[in-house]
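The opening position of the sequence shown corresponds to residue 1186 in our numbering, with each subsequent residue numbered one higher.
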Amino acid sequence: MFNRPHTTVVLAMSADGKIADFMRSPARFGSQTDKMHLQQRIAAADAVLFGAGTLRAYNTTLTISNPKLLQQREQRGQPLQPIHIVVSKSAQIDPESRFFSQPVPRWLLTSSMGADVWKQCQVIDNSSQITFDKILVLETRMGKIDIAAALTHLATLGIAHLAVLGGGILVGEMMELDLIDELWLTICPLILGGKTAPTPVEGQGFLSQLAPRLELLTINQVEQEVFLNYRVRKRQGSREQGSRE
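And the structure:
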C-alpha cells in the first residue's frame, strides 16, 4: 500500500513527557523491562533510524543481545542485527565514538555537504574501522535531507519495517510529513521538568485542530512503567521539507 517502510517510533519518556533532562544527558531512566521492550522493537525491524544528536548523547547504539530474539531473526532469514542508520545533514559525528566498533551494519543518511565532510574525516583519520557501510545522499534543492524521499529509497533497498529511536527533531519532522505509522511510548515514573528538556516530538509543533490523531491499540503496566502502543491516523495535506539537523 505504501512506497515506504512501515515506520514505528519507540521512545521512553518521563511522566511529564521528557525524553531526557535539560542537560540532554543520556536517558537511562527506563527499567530493564523497558530495555528488553526496546530490544524487541529493534529485533522486529529491518533497520533503525536515529539522529546524530541521539548518537552523540549515547555514543553507542542498542544492539540485540537476547538469544531468543537473535534466534527469531535468524529463523526469519534476517541478519542478526538490523541496519543502524544515522541521520545528519552536517555529518558532524565523532569518529572515535564507540558506535563504530559495535557489530552492526552502519549507514549514514546525509546531505552532499555532509558526505564531503565525512569523506574528509576518513582521510584525516585514515582508519578502516571508522566507516559507514553505505552513505545515502537524498536532499532537497535547499540542501536539506529529504526524509520522505529517503524512506522511499529505503523501501527499494528491501527495508520494510523501520524503527525510529529519536530524537524529537527527527520524529517531529517525520510526523509533520505523515511518515509515522505507529508509536510505542514507555511512561517512566519520574518528573524531569525544564522548558529546554527535549520531548518525543519537537520542531514547530501543530495547531490543535491540525494535530496528528492517534488510536490507542494496547496499554500494559509492568510494575511502575506503562507501555502504550498507538497507531497514527493518516491525514491529508502533509507538508514536505528537509531535515533540520
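A virtual CB, placed ideally from N, CA and C, is assigned to each residue, including glycine.
Review point. When we look at the beta-carbon of residue 1318 and count the other beta-carbons within 10 Å, is it buried (16 or more) or exposed?
Key: Exposed, by the Cβ-count rule.
Exercise for review: Report the residue from 1257, 1278, 1420, 1397 whose alpha carbon sits nearest the alpha carbon of residue 1243.
Suggested key: 1278
Review point. Should the region 1198 to 1212 be called in touch with the region 1363 to 1383, which here means at least 3 C-beta pairs below 8 Å?
Key: yes
Review point. Within this structure, are the beta carbons of residue 1405 and residue 1369 separated by less than 8 Å?
Key: no
Review point. For residue 1274, which of 1268, 1292, 1222, 1328 has the nearest alpha-carbon?
Key: 1328
Practice item. Look at residue 1386 and residue 1356 and say whether their C-beta atoms are less than 8 Å apart. Key: yes
Exercise for review: Check each candidate in 1238, 1332, 1291, 1198 and name the one with the smallest Cα separation from residue 1215.
Suggested key: 1198
Review point. So what does DSSP say about residue 1404, is it helix, strand or coil?
Key: strand
**Study point:** Completely contained alpha helix (DSSP H) runs for the region 1290 to 1360, where each covers 4 or more residues
**Key:** List check, alpha helix (DSSP H) in window: 1297 to 1310, 1332 to 1341.
Exercise for review: Would you list, in sequence order, the uninterrupted alpha helix (DSSP H) runs of no fewer than 4 residues that lie entirely inside the region 1247 to 1274?
Suggested key: 1252 to 1260
Review point. What is the DSSP secondary structure of residue 1425, counted as helix, strand or coil?
Key: Bear in mind that the predicted position of residue 1425 carries a pLDDT of just 43, short of 50, making it unreliable; the figure below should be weighed with that in mind. Residue state, collapsed to three classes: coil.
Point to revise | Whole-angstrom C-beta distance between residue 1402 and residue 1364, which should lie under 8 Å | key: Rounded, the Cβ-Cβ distance is 19 Å, inconsistent with contact.
Practice item. Can you say whether residue 1350 is buried or exposed, counting buried as having 16 or more other CB atoms within 10 angstroms of its CB? Key: buried
Check your understanding: So, are the CB atoms of residue 1284 and residue 1246 less than 8 Å apart?
Key -> yes
Review point. So, helix, strand or coil for residue 1364, using DSSP?
Key: coil
Exercise for review: On a CA-only basis, which of 1249, 1256, 1263 is nearest residue 1345? Give me that one, please.
Suggested key: 1263
Review point. Around the C-beta of residue 1295, are 16 or more other C-beta atoms found within 10 angstroms, so that it is buried, or is it exposed?
Key: Classification for residue 1295: buried.
Point to revise | Under 8 Å between C-beta atoms of residue 1200 and residue 1374 | key: yes
Point to revise | Cα-Cα separation, residue 1250 to residue 1258 | key: 12 Å
Review point. In terms of residues, what are the limits of the alpha helix (DSSP H) holding residue 1221?
Key: Secondary structure note for residue 1221: its alpha helix (DSSP H) is the uninterrupted segment 1217 to 1228.
Exercise for review: Consult DSSP for residue 1375 and reduce its assignment to one of helix, strand or coil.
Suggested key: Residue 1375 falls in the coil class under three-state DSSP.
Check your understanding: Which residues in the same chain have their Cβ closer than 6 Å to the Cβ of residue 1300, if we skip the five residues on either side of it in sequence?
Key -> 1320, 1322
Check your understanding: With residue 1416 and residue 1367 assumed to form a contact (beta carbons below 8 Å), what rounded beta-carbon distance in angstroms separates them?
Key -> 6 Å
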